[in-house]
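Participant:
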Amino acid sequence: MRFYDLIIKKRDGQELTKKEINFMIKEYCEDRIPDYQMSAMLMAIYFQGMNIDEIKYLTMAMVHSGKIIDLSSIPGIKVDKHSTGGVGDTTTLALAPMVAAAGVPVAKMSGRGLGHTGGTIDKLESIKGFKTELGLNKFINIVKKVGASIISPTSDLAPADKKLYALRDVTGTIDSIPLIVSSIMSKKLAAGADAIVLDVTTGSGAFMKEYKDALKLGKIMVDIGLEFGKETVSVITNMGEPLGFAIGNSLEVKEAIEVLKNRGPEDLRDLCLVLGAYMLELGGAAKNYEEGRKRLEKILKEGTAFSKFKEMVAAQGGNPEIIDKPELLPLAKHCTKIKAVITGYIQKIDSQLIGESAMLLGAGREKKESEIDLSVGIILKKKVGSKVNINEDLAEVYYNDSEKLKEAKNKLLSSFVIGDKKPKKIPLILAAISKEGVKEFR
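Quick note on UniProt numbering: the sequence shown kicks off at 1 and runs consecutively.
1) Go through its chain and collect everything with a Cβ distance to PRO330's Cβ below 8 Å, but skip five positions before and after it.
2) Looking at ILE68: is its Cβ nearer than 9 Å to the Cβ of ALA160?
3) Among residues of its own chain, excluding the 5 on either side of GLU54, which ones have a beta-carbon nearer than 8 Å to its beta-carbon?
4) Can you have a look at TYR4 and say buried or exposed, based on whether 16 or more other CB atoms are within 10 angstroms of its CB?
5) Going straight from the alpha carbon of LEU256 to that of LYS162, what length do you get?
6) Could you check what DSSP says for SER73 in three-state terms: helix, strand or coil?
7) Hey, ALA158 and SER65 are a contact pair by Cβ (cut 8 Å); roughly how many whole angstroms apart?
8) Figure out for me which residue from ASP80, GLU403 and VAL181 has the closest Cα to the Cα of VAL197.
9) Could you please give the first and the last residue of the uninterrupted alpha helix (DSSP H) stretch that includes ASN238?
10) Count Cβ pairs between the segment 295 to 307 and the segment 240 to 247 that sit closer than 8 Å; are there 3 or more?
11) Could you check the C-alpha separation between ILE322 and TYR398 for me, to the nearest Å?
12) Indicate whether the contact test is met: 3 or more Cβ pairs, each with one atom in the segment 351 to 367 and one in the segment 401 to 410, closer than 8 Å.
13) Does DSSP put GLU37 in a helix, in a strand, or in coil?
14) Decide if the segment 224 to 242 is in contact with the segment 198 to 212; the criterion is three or more beta carbon pairs, one per stretch, under 8 Å apart.
15) Bridge partners for ILE121 per DSSP, in chain order?
16) Who are the Cβ neighbours of THR120 in its own chain at under 6 Å, not counting the five residues just before and after it?
17) Would you tell me roughly how many angstroms separate the C-alpha atoms of LEU380 and ASP393, rounded to the nearest one?
18) If you draw a straight line from the C-alpha of ILE52 to the C-alpha of ILE224, how long is it?
19) Which class does THR91 belong to by DSSP, given the choice of helix, strand or coil?
20) How is ALA148 classed by DSSP in three states: helix, strand or coil?
21) Which residue or residues does DSSP assign as beta-bridge partners of SER434?
22) What are the start and end residues of the alpha helix (DSSP H) that includes GLU255?
23) Pop quiz: LEU280 and VAL104 are said to be a contact at Cβ under 8 Å. What is the actual Cβ separation, rounded to whole angstroms?
24) For the alpha helix (DSSP H) that contains LEU360, what are its first and last residues?
25) Would you mind giving the Cβ-Cβ distance between TYR46 and THR173, rounded to the nearest angstrom? I have them listed as a contact below 8 Å.
26) What did DSSP end up calling GLU241 once you bin it into helix, strand or coil?
27) Hey, which unbroken runs of the beta strand (DSSP E) at 3 residues or more fall wholly within the segment 128 to 199?
28) Got a sec, what are the start and stop residues for the beta strand (DSSP E) LEU394 sits in?
29) Smallest Cα separation from ILE150: which of PHE309, LYS128 and ILE74?
30) Relative to the C-alpha of LYS145, which candidate in GLU302, ARG293 and GLY76 has its C-alpha closest?
31) Determine, using beta carbons only, whether THR90 and VAL313 come nearer to each other than 9 Å.
32) How do the segment 209 to 218 and the segment 281 to 288 stand: do at least 3 beta-carbon pairs fall below 8 Å, yes or no?
33) Apart from the five residues on each side of it in sequence, which residues of its chain come closer than 6 Å, Cβ to Cβ, to GLU27?
34) Could you give the residue range of the alpha helix (DSSP H) that holds THR59?
35) On a Cα-Cα basis, can you pick out the residue from ILE390, GLY303, LEU328 and ALA101 that is closest to THR343?
36) Take the Cβ of PHE207 as the centre, count every other Cβ of all protein chains shown within 10 Å, and call the residue buried at 16 or more, exposed below.
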């Protein structure tokens, strides 16, 4: 079999077989297919697409490129959650202890931030002493004892995805549905959970800018999950503006703590309750979504999720006192304010520009090897639909480097669009997809 022939086959819109896809992934992982040829194949897939069988074979080949984690020693149904990425998305930090407090074990592997979207692991590392690189046995033991643990993935978890993602990142093939599905689902399936809840974001701060594309992505990921015997739900959410008010690592941890204290921004709290309710339903801790949501509301009110987060932080070497006193988290030396230049209503807050502003301050990475500053970031003072007067605060900027500030401020100001009329509010939760079909909330 020659890989050259497979490139031609896909370029011409033909279907690749299971044997051909297995050959492609195995040979590429063993460095017998050069990057220039794989780049051509990725571009052929980008333009010609793949059918559900091809996506299934590609996902399976990527899962089997490394180890599959065995979580069977942890009692109960293990439910994983994944977000396709957003700005200010702190849900995992609040969700893991919320769901664990309801008796559903959460054994979660999360990533670092890249580009304008933040990463859960970076956020957790702003808690002094918190260890995200744990051996598998320790990880499993913490989940058994505490009910939740969040770590960075091991190097042998779907290694084919790491190689392919790095290549997609530099060849303009990131936003291809077959490649996104196989990337996300290979990692989720290799991570060993029994059920998966996916937060598929759409809007200016997401990979899928259009709702119809997010819906298509969500449906295919549910189909792939079910094909592999995993109960899967996709929730389509609006990332047209940042989630919550905080953007930046330590600032987002503070906001997650507020949610666990039954406070915090309404949109962030609501998304945690929605995703968590589906996790409880799939995990057998609730008969349906409505019951799951009520349970989580009670858990937040009683403070058991807050206590569970402290327990998880302590188990992973972090200082639990920080959770009681979030002012101990790192905070940048300087703060400046961005003010409105006209009076009106906030029509739009561009999530991508906000995320890029935070990245310019040092909160995110332009490249994988970039160092980040855990203490910098942005606090929004307004949301879409808010009334604003001239010279009123739109945002606070926390910074350490005044050289980085100027460009970040300009970008931040351009992310706010102010107009005369109050805009129609787009709901946060747009749809939910399960084996029963699509339920739209728009």
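C-beta: ideal position from N, C-alpha, C; glycine also.
These numbers come from a predicted model, not from an experiment.
Facilitator: Reading from the atomic positions:
1) SER126, SER250, LEU374 and SER375
2) no
3) GLU15, LEU16, ILE21 and PRO178
4) exposed
5) In the sequence on display, residue 256 carries Ala and not Leu. Distance between the alpha carbons of ALA256 and LYS162 is about 29 Å.
6) coil
7) 6 Å
8) ASP80
9) Element bounds for ASN238: not the alpha helix (DSSP H) but the beta strand (DSSP E), 231 to 238.
10) no
11) 20 Å
12) yes
13) Rather than Glu, the amino acid found at residue 37 in this sequence is Gln. Three-state DSSP puts GLN37 in a helix.
14) yes
15) In the DSSP output, where bridge partners are listed per residue, ILE121 has none listed.
16) THR92 and SER110
17) 9 Å
18) 8 Å
19) helix
20) strand
21) GLY437
22) 249 to 260
23) 6 Å
24) 351 to 361
25) 5 Å
26) coil
27) 148 to 151
28) 393 to 399
29) PHE309
30) GLY76
31) no
32) no
33) ILE33
34) 52 to 63
35) ILE390
36) buried
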